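For reference, the structure discussed in these notes is given below.
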Amino acid sequence: MNYISTKDLSKLRFPDYWNRDPHSWGNVNDWDHYWIGKQQHSGKNSKQDCHTALSRELRQLQQIFADDSHVAYEVICRFKRNLKESTQLLKLYIVRKWCQCTPWLIRQP
Numbered sequence: 002m003n004y005i006s007t008k009d010l011s012k013l014r015f016p017d018y019w020n021r022d023p024h025s026w027g028n029v030n031d032w033d034h035y036w037i038g039k040q041q042h043s044g045k046n047s048k049q050d051c052h053t054a055l056s057r058e059l060r061q062l063q064q065i066f067a068d069d070s071h072v073a074y075e076v077i078c079r080f081k082r083n084l085k086e087s088t089q090l091l092k093l094y095i096v097r098k099w100c101q102c103t104p105w106l107i108r109q110p
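Final position of the sequence shown in the numbering used here is 110; the numbers increase by one with none missing.
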């Protein structure tokens with residue numbers, strides 16, 4: 002069963018992930034696993050590349066499902082919130098690691 006029209010699917014870079022019931026799209030971690038599997042041989046396997054691709058897909062999906070009464074719209078908004086939280090946690094982790102590696106920069110009088 003097609004949940005998205007063929008015309009709209011052509012606007013997406015990863016249509017096979019999205020062409021199913023929006024409730025089965027999962028979450029950011031599910032996307033990460035899917036994307037890494039798709040990109041195994043391309044060399045673009047960083048978390049940043051993965052989340053950039055997801056962000057672009059979500060932007061496109063929001064345009065496709067512009068009607069906020071559609072069930073997919075709510076799922077897209079949840080995905081965007083989760084992606085934002087994940088990005089903020091990653092930034093905190095990087096800052097903490099940087100502080101641990103360069104304590105002499107922080108503790109100067």
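The beta carbon of each residue, even a glycine, is placed where N, CA and C say it ideally should be. Because the structure is a prediction, the values reported are computed rather than measured.
From residue i to residue j, what distance separates their C-alpha atoms?
i   : j   : result
C78 : S47 : 23 Å
S56 : N20 : 17 Å
Q61 : K12 : 7 Å
H42 : S87 : 25 Å
C51 : Q64 : 20 Å
Tell me whether residue i sits in a helix, a strand or coil according to DSSP, three-state version.
i   : result
G27 : coil
I5  : coil
S43 : coil
S87 : helix
So, residue i versus residue j, is the Cβ gap smaller than 7 Å?
i   : j   : result
P16 : V72 : no
K85 : L59 : no
W36 : V76 : no
If you drop the 5 nearest sequence neighbours on each side, which residues of the same chain put their C-beta closer than 7 Å to that of residue i?
i   : result
Y74 : F66, D68
D33 : C51
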